[in-house]
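Right, one structure below, let's go through it.
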Amino acid sequence: MTATTTTTPNPTATGGVGWVIKDTLVLTRRNLLKYVRVPTLLIFSTVQPVMFVLLFAFVFGGAIGVEGGLDYIDFLMPGIFLQTSVFGSTNTGVGLAEDMNRGLIDRFRSLPMSRSAVLAGRTLSDSARNLFVVLLMTLVGYLIGFDFKQGPIKAVGAIVLVLLFGYAFTWISATIGLALRDVESTQAASFVWIFPLTFASSAFVPVESMASWLQVFVRNNPITLSADAARWLILGEPYGSAADVWKALAWIAVLLAVFIPLAVSRYRKVT
């Protein structure tokens, strides 16, 4: 009598692109449902951007001049969009570190699913959260005088650019979270590099208002280029240029090309 053996599906086996996409969408949904089940997570993640808008607009707005007589709120909002997307990317590393500590990553490994879907699902869900927060910021901006001056098509282009930049930063955050594997350390490490990049940029103030020695760094800061690209799409010249859009897209491509392989490699080592 011949014994039959049952093989367990190999979670790392190749199942085709459709299989990867399906698993990615399942995990994206799983991560987004967390905000539905624990709504305070979404509430507190939106409070900070709203505070930035109100504080900068009403506390610093009167002291910051913008060329061409532009209202400061119009100059500020593209930078706030970018800052919101970049700060939101830190959730990726924190979430991965938390999942590792809770043993969820090990459970995912035991399932017949694409291993790459864990990272892709996390980054996509955080980008979806960023979209919600950016749309909320748009509403807040409109209530205090902001307007898309270049029409709806370029407005959509600006939001897409901001989200793509934030998506690239989610992979940096994922690499940090997988390397440190600790929630508190990941949070601290994320803001160590995000704060200097964000505040030493044109996100909140014109570059010309900064010290001359700092302007060299600021003008080549990828957040500056992306903020100016978003401003050009929202406000037009002289607050940015088409060249800024191409430079921002180039930075996005470079960041993705570097940090996706790094995050995937680190994920394989820790799991």
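Under my numbering, the residue at position 98 of the sequence shown is numbered 745, and the numbers go up by one with no gaps.
C-beta atoms are modelled at their ideal positions from N, C-alpha and C, and glycine is treated no differently.
Pull up the CB-CB distance for Leu-810 and Ser-774, whole angstroms please, since I reckon it's below 8 Å. Along the sequence shown, read from residue 1 onward, the residue named residue 810 stands at position 163. Along the sequence shown, read from residue 1 onward, the residue named residue 774 stands at position 127. Right, their Cβ atoms sit about 6 Å apart.
Whole-angstrom C-beta distance between Leu-751 and Thr-675, which should lie under 8 Å: Position 28 of the sequence shown, counting from 1, holds the residue named residue 675. Position 104 of the sequence shown, counting from 1, holds the residue named residue 751. Not a contact, Cβ separation roughly 15 Å.
Can you tell me whether Phe-705 is helix, strand or coil according to DSSP? Here residue 705 refers to the residue found at position 58 when the sequence shown is read from its first residue. For Phe-705, the three-state secondary structure derived from DSSP is helix.
Which same chain residues end up closer than 8 Å to Ser-692 when comparing Cβ atoms and leaving out the 5 residues on each side of it in sequence? Mapped onto the sequence shown, residue 692 falls at position 45. These residues qualify, in order along the chain: Gly-735, Asn-738, Arg-776, Val-780.
Using a Cβ cut-off of 8 Å (strictly closer), state whether Val-905 contacts chain D. As a matter of chain content, chain D is missing from the structure shown, which is built from one protein chain.
The region 818-826 / the region 906-917 touching (three or more Cβ pairs under 8 Å): yes
Cα-Cα separation between Ile-870 and Lys-894, rounded to whole angstroms: On the sequence shown, position 223 is the one that residue 870 refers to. On the sequence shown, position 247 is the one that residue 894 refers to. Looking at the two C-alpha atoms, the distance is approximately 11 Å.
Have a look at Val-807 and Gly-716 and give me their C-alpha separation to the nearest angstrom. Indexing the sequence shown from 1 puts residue 807 at position 160. Indexing the sequence shown from 1 puts residue 716 at position 69. Taking the straight line joining both Cα atoms gives about 27 Å.
Measure the alpha-carbon distance for Thr-687 versus Phe-755 and round it to whole angstroms. Reading the sequence shown from its first residue, position 40 is the one you call residue 687. Reading the sequence shown from its first residue, position 108 is the one you call residue 755. Distance between the alpha carbons of Thr-687 and Phe-755 is about 26 Å.
My output table needs one value for Thr-652: the three-state DSSP class, helix, strand or coil. Your numbering for residue 652 matches position 5 in the sequence shown. In this prediction, Thr-652 has a pLDDT of 39, which is less than 50 and means its spatial position is unreliable; what the coordinates show is noted afterwards. Three-state result, Thr-652: coil.
Would you kindly check if the distance between the Cβ of Pro-725 and the Cβ of Ile-899 is under 8 Å? Working through the sequence shown from its first residue, we reach residue 899 at position 252. Working through the sequence shown from its first residue, we reach residue 725 at position 78. Their beta carbons are not under 8 Å apart, which means Ile-899 does not touch Pro-725 by this criterion.
Where does Val-911 fall in DSSP's three states? Position 264 of the sequence shown, counted from the start, is the residue given in the question as residue 911. In the structure shown, Val-911 sits in a helix (DSSP, three-state: H, G or I).
Out of curiosity, what's the CA-to-CA distance linking Ala-764 and Leu-743? Locating residue 764 in the sequence shown gives position 117, where the first residue counts as 1. Locating residue 743 in the sequence shown gives position 96, where the first residue counts as 1. Looking at the two C-alpha atoms, the distance is approximately 13 Å.
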